[in-house]
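Under my numbering, think of the first position of the sequence shown as 193, with each following residue one higher. The beta carbon of each residue, even a glycine, is placed where N, CA and C say it ideally should be. This one's a predicted model, so the numbers in the text were calculated from it and none came from an experiment. Notes for the one structure printed next.
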Amino acid sequence: MSVITCVEDLRVLARKRVPKAFYDYVDSGSYTESTYRDNSRALAALKLRQRVAVNVEGRTTAATMLGQPVTMPVAIAPTGLAGMQWANGEILGARAAEQFGVPFTLSTVSICSIEDVARHTSAPFWFQLYVMRDRGFNNELIARARRAGCSALVVTLDLQINGQRHKDLKNGMTVPPRLTPANLLDMASKPAWALRALRGAKTFGNLAGYAKSGGDVIAISKWVAQQFDPTLNWHDLAAIRKAWDGKLVLKGILDPADARMAAAIGADAIVVSNHGGRQLDGAPSSAAALPAIVDAVGDQLEVWMDGGIRTGQDVVKALALGAKGTMVGRAFMYALGAMGEPGVARMLQILRNELDVSMALMGVRTLDELGRHHLFQYGAARE
Ligand code: FNR
């Protein structure tokens, strides 16, 4: 592909360059994928309000997330196995984000470890935690994140049990990965990817020496059931709040009642999220869930949104609905699989350009001017 003009171009390129099992791992949702599809559809259904003859010179996409200045309010979401899209993917993603001036979140289930990423970056990154049955190991992860200078802990709440993704099962995405003849053939047909993989990190990042499946090859969902703690509750989260003195973000909230609990235990931000449609199939889209949550707790903590964001126009829509920030998961993974570090830089540039042009055409100079009245559905009809 000659010119990359949008995130969709990066997805198409990633599909060509990444082995099928790892591409499908990204480009899929749980069960019927209805929530996965709804995330994009709900954003597409929102219409922006065009305004003209407004002086928009000197406008800016700059904002803050958790008090930290960002060149646009778009953080890279935690995504497992980024290092399987492109060798050392987590390091490359963190470096591109740092260069661009947006936050990077390292997943618990990354290929590069917290220490690997810290060694190759200078700005603090964020660490995402899954709460495991082995709380000693969890405390160790938190201590490692603190030692590495991570400025925020992002605790993900919507994956104590794994929502099944049919493609992963069919492709043999297991713990440890199963090397079927079909997988091997597929990897061999992507020699550039395979060569990089041979040279890249070969550990299972943060879980090296821990992510044992007892010698068996098991489905990801079975591994999650063995390792992740289904008893997780608000007392545990209050204890994590006490133990972590940096910023605390709770991710995976779709209900105002849960958002109020997050505010009550002193979280600094929440991410309205259905895990990119990978968990509760049939849950509402993030864009549909967002307004009621903003209304419930928007004055107590920062409310962010992820799910379905592929363009700067999507970012504007999330902000107009009341989000103070956004996260992108698949846009990051496609960019990484397509072109490595320059791909992630390109993706961020694309989103920012689209955000900037949308602001201009809506007559908006700063992002904090944005409100629901900038959405055609909420605003124009009423005035
Ligand atoms: C994820 N997501 C995720 N979330 C998390 O807290 N920890 C993780 O390890 C992962 N892993 C992961 C892998 C892949 C391949 C995807 C696509 C997603 C969810 C992610 O952080 C985010 O919530 C969604 O990706 C947002 O939706 P979009 O931007 O992908 O539409």
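**Message:** At the level of alpha carbons, what is the spacing between A523 and L543?
**Reply:** 10 Å
**Prompt:** Regarding D447 and ligand 1, is the C-beta to nearest heavy atom distance less than 7 Å?
**Reply:** no
**Request:** May I ask which residues mark the beginning and end of the alpha helix (DSSP H) holding G517?
**Result:** From DSSP, G517 is part of no alpha helix (DSSP H) but of the beta strand (DSSP E) over 517 to 520.
**Message:** Does the structure place the stretch 498 to 517 close enough to the stretch 537 to 557 that three or more beta carbon pairs sit under 8 Å?
**Reply:** yes
**Request:** Pair every Cβ in the stretch 266 to 274 with every Cβ in the stretch 524 to 537, then say whether three or more of these pairs are closer than 8 Å.
**Result:** yes
**Asked** Does the separation of the CB atoms of G438 and L345 fall below 8 Å?
**Response** yes
**Request:** Starting from T256, trace the beta strand (DSSP E) both ways and give me its first and last residue.
**Result:** 255 to 257
**Asked** Can you tell me the Cα-Cα spacing of A310 and S343, whole angstroms?
**Response** 12 Å
**Request:** Using DSSP bridges, identify the partner residues of L559.
**Result:** None; L559 has no bridge partner.
**Asked** Where L440 and V347 are concerned, what is the direct C-alpha to C-alpha distance, given to the nearest angstrom?
**Response** 8 Å
**Message:** On a Cα-Cα basis, can you pick out the residue from I306, R325, E290 that is closest to N314?
**Reply:** Checking the sequence shown, residue 314 turns out to be Ser, not Asn. That would be E290, whose Cα lies nearest to the Cα of S314.
**Message:** Using only the alpha-carbon positions, how far apart do L321 and A245 sit?
**Reply:** Spanning the two alpha carbons is a distance of roughly 47 Å.
**Request:** Could you tell me if the beta carbon of A523 falls within a distance shorter than 7 Å of some heavy atom in ligand 1?
**Result:** yes
**Request:** Output the boundary residues of the beta strand (DSSP E) element that contains Q356.
**Result:** Here Q356 belongs to no beta strand (DSSP E), and DSSP marks it neither H nor E.
**Request:** Output yes or no for whether 8 Å exceeds the beta carbon distance between G355 and R538.
**Result:** no
**Prompt:** Taking the continuous beta strand (DSSP E) assigned at W496, which residues delimit it?
**Reply:** 494 to 498
**Message:** If we require 3 or more residues per run, which beta strand (DSSP E) segments fall completely within the stretch 415 to 491?
**Reply:** 439 to 445, 461 to 464
**Request:** Say whether the stretch 444 to 462 touches the stretch 418 to 432, bearing in mind that this needs 3 or more beta-carbon pairs closer than 8 Å, one atom from each stretch.
**Result:** They touch, by the three-pair rule.
**Prompt:** Where does V246 fall in DSSP's three states?
**Reply:** coil
**Request:** List the DSSP bridge partners of T348.
**Result:** K443
**Message:** As an exercise, report each continuous beta strand (DSSP E) stretch of at least 3 residues that is fully enclosed by the stretch 222 to 303, in chain order.
**Reply:** 255 to 257, 260 to 262, 266 to 268
**Request:** Could you pull out every residue in the same chain whose Cβ sits closer than 6 Å to the Cβ of P645, ignoring the five residues on either side in sequence?
**Result:** With the chain covering only 193 through 575, there is no way to say anything about residue 645.
**Prompt:** When you compare only the Cα positions, how much space is there between D360 and W415?
**Reply:** 13 Å
**Request:** Rounded to whole angstroms, what's the CA-CA distance from R251 to S232? Just pull it up for me.
**Result:** C-alpha separation (whole angstroms): 27 Å.
**Asked** Taking the beta strand (DSSP E) that F319 falls in, what are its first and last residues?
**Response** Taken as a continuous stretch (DSSP letters only), the beta strand (DSSP E) holding F319 covers 318 to 321.
**Item:** Cutoff 8 Å: V346 Cβ touching any chain B Cβ
**Value:** The question asks about chain B, but that chain is absent: this structure has only one protein chain.
**Message:** With a threshold of 6 Å on Cβ separation, who are the neighbours of G532 within its own chain once the five nearest residues in sequence on each side are excluded?
**Reply:** W278, L284
**Asked** Is the beta carbon of A475 sitting closer than 8 Å to the one on T227?
**Response** yes
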